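Reading through the structure tokens given below for one structure.
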Amino acid sequence: MGCLAVLEAFWMGGQVRTLGDFGWDEAAHALWGLRVYRDVAAANWISLAFDSYRQVYWPFLHSWALAASMLVMGATPTAARTVSVAAFVVTAGVLVLIGRRLSTTAGWVASFIAAGLWLTAGPVVETIGLRALTDGPAIAVTGLTFWALTGAVERPTRSRFALVGLLSMATYLTKTGFGVVLIPSILLTFAVWARRDDGPRVDARRVVAYLAPIVVVSILWFAYPPKITATLSALTNRAQGPSPLSWAGLTYHPRQLAGYVGGWWVLALLGIAVAMAALRRSPPIVVALALYIAVALGLHTLSHTKDPKHVTKVVPWLFLLGGWAVSIAWEWCRGRRRPVAMGVAAALCVVLAARAHDLFATPRQRADTFPRIRSALVQRILPDRHNLVLGEFGGLGGPLTKWYLLERNSATLLYPDDHLERFQALLAPLRARHGWIRALERTPPERTLWVDQAPTRDQTDIGTADRLLAELVAADAPARILVLDIAPTSPWYDDRDFVFGGETFLPALGAELCYRRSEVIGPERGVSLSVWDSVRGCNASTDAGSGSEPAASRGGAEPGEAVSSP
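Here it is in structure tokens:
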């Protein structure tokens, strides 16, 4: 199994180099890692603390891991994805360590089955093993928490329970949703253990030892009150997928699990293992794993946000319970039906070999929808200058555009940034007295333009957007404006959640600044890229007859046009 893990690590390392640019979610996570990397590289520790603290639904531990990888490998997509590869392999190692503690005589069977199923789970590898997402690292930290919990079972000291609490909070600070599931499930586990005659000793002092690091870190983390409401808002999220109480909603996660674990027959066998954990006098850690799976699936079933990735948090622990069930059968067959045991072992090896073949033989490469436009956008960003990008959609989302700009040390002029400006306004009275707070005024500045006329979201009319943009540009004029124009015939034109602005905003730049369109690239699948360069000393009203079209001479926005950024 160790050889398979090493082989797969090298294979995954090669795969992440062929996946191309980020998708939207990957770019959103990698962008935080890039911010932290820039802070550390510049030794700007105040900015590091600020960038770490202002992360809410995706807390800072994942961005720290990404930054560490970037310090070694450079600020590239490969560096960001390598963190997920490492977390995937670490999870396999944790499954081996926990599995060996499930049985004194057949623990190796549980380890072999669990790690083998995990390493050959192709959909899991594709979804979280090769992508720069928070799920893989959060699963690895969850596994370390369960491993520490097995140590607390064997030797129930308060220090070991405190370590479990610290790792539980680390899980939360890696991905909020994982911590929200893990902490209640462990407290429920303590309650179940306390009612068992043969369970570990769990008294009030040990529970307090577990909760102490969680409470202390939570007080520090939520010291800024708006973070509490922001966290609740992020956890509530928005309705997506079938209604929770409909048949489609109730069966949603089992259907997704079947795809991740390898089919309905595998899920059925794993379900039998979970039932065994509930019906027999199971080892304490098996009870903990079963309760974690039950809490996770229960909360996600009741949630109105249905996302296939949500069930990945239980996949390795289902595999571990399956390995435990097989180890029980192995112990029973070894003395009475040795040929049967050998036949089962051979069948399992064949199944794992087939899964491994499917994993390694299936090509995995992201198809770039806009290779020409994407390449042109990257090449035309002026390094170390102020560039403004207008227009975004699913294929070239805001986080990916910000990644391109920041890695070239260019300012992202978008408005208003979610927490940055409010936080700086809070510190404004102190800035005059304490010079060190000026470190929070990052260079280049990051802002986010968020204008949306959709009836279900915050509304800002076009005139207000023009005024905001004009004020920002007048204060910090960009050297170049890059505009992504989407034709009405493009399939992305009606995706109003992912399209904002374009050349309709250019008249708002004001009479004192003039921009000429110097180049147009495309169209490619209905999308074009216009390059507008600043002309110093130009007067738009007198320059309208020139060969290039000045920004101020163009018409305004069409009535009712919606402009938005996710």
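Okay, so the sequence shown: first residue is 22 according to the numbering used here, each after it adds one. Don't be surprised by glycine CBs; every beta carbon is placed ideally from N, CA and C. This structure is a prediction, so every number in the text was calculated from the model and none was measured.
Paired residues, beta bridge with residue i - DSSP
i	result
L505	L550
R429	Answer is none; R429 lacks a bridge partner.
E540	V552
T326	Q261
H321	Answer by DSSP bridge pairing: none, since H321 is not bridged.
E29	Paired residues: none, contrary to the question.
E620	There is simply no residue 620 to check, as the chain begins at 22 and stops at 587 in what is shown.
Through-space distance from residue j to residue i, alpha-carbon basis
i	j	result
R102	V111	14 Å
H274	V332	7 Å
W79	W353	46 Å
T322	T210	21 Å
I542	A500	19 Å
K327	R537	46 Å
A88	S73	11 Å
L398	L52	18 Å
W242	L271	34 Å
V37	G284	26 Å
P329	L320	14 Å
A30	L140	10 Å
S539	S551	8 Å
R75	F81	9 Å
A90	L266	The sequence shown places Ser at residue 90, rather than the Ala named in the question. So the alpha carbons of these two residues sit roughly 43 Å apart.
A289	V336	13 Å
F182	A70	29 Å
G268	W286	A quick correction: the sequence has Trp, not Gly, at residue 268. Each residue's alpha carbon lies about 21 Å from the other.
A62	L312	43 Å
N408	A107	35 Å
A260	G35	37 Å
W18	R226	Residue 18 lies beyond the residue range present for the chain, which begins at 22 and ends at 587; the question has no answer from this structure.
A86	D60	14 Å
F43	W129	39 Å
S84	L55	8 Å
The alpha helix (DSSP H) enclosing residue i, as first and last residue numbers
i	result
I204	T197 to A215
P275	Y273 to V282
S303	No alpha helix (DSSP H) contains S303, which DSSP labels as neither H nor E.
H83	F81 to M94
L253	P247 to T257
V117	P98 to R121
P72	Per the sequence shown, residue 72 should be read as Asp rather than Pro. Unbroken alpha helix (DSSP H) run through D72: W66 to Y74.
H331	Taken as a continuous stretch (DSSP letters only), H331 belongs to no alpha helix (DSSP H), as it is neither H nor E.
L403	Here L403 belongs to no alpha helix (DSSP H), and DSSP marks it neither H nor E.
A169	D156 to E175
A221	Correcting the residue type first, residue 221 is Pro in the shown sequence and not Ala. Taken as a continuous stretch (DSSP letters only), P221 belongs to no alpha helix (DSSP H), as it is neither H nor E.
R56	W45 to A62
G128	G128 to L140
Selected residue, minimal CA-CA separation from residue i, among the options
i	options	result
T155	G200, V115, G543 and T166	G200
I502	A225, I402, V106 and R226	I402
T257	S324, V104, G547 and A289	S324
L170	I240, A230, T125 and A113	A230
T178	S551, R222 and P246	R222
G198	R217, P144, V238 and A255	A255
P305	F391, N408, G120 and W268	G120
P158	H50, S206 and L411	H50
W45	V146, R152, R122 and I134	R152
T97	E47, S180 and V295	E47
A142	E175, H407 and L339	L339
L194	A113, A161, A350 and S303	A161
L411	V307, G220 and V548	V548
L5	A100, V93 and V77	Residue numbering for the chain in the displayed model covers 22 to 587; residue 5 lies beyond these limits and cannot be assessed.
V237	K196, V106, A191 and A251	A191
S247	V213, S105, V77 and G220	The residue asked about is misnamed: residue 247 is Pro in this sequence, not Ser. Ranking V213, S105, V77 and G220 by Cα distance to P247 puts V77 first.
Y58	V347, F43, L118 and M94	M94
R429	L421, T422, P404 and L417	P404
V115	D42, G172 and F391	G172
E175	R216, I149 and L123	L123
I314	L426, P420 and P205	P205
K334	G343, A317, L342 and W345	A317
V146	V228, R393 and M33	M33
A26	A113, T422 and L92	A113
beta-carbon residue i near the ligand COA non-hydrogen atom, thresh 7 Å
i	result
R152	The model on display carries no ligand, and the ligand COA is accordingly not part of it.
Residue i: first and last residue of the uninterrupted beta strand (DSSP E) it sits in
i	result
H407	H407 to L411
Beta carbon proximity, residue i to chain D, threshold 8 Å
i	result
L278	The structure shown contains no chain D; it holds only a single protein chain.
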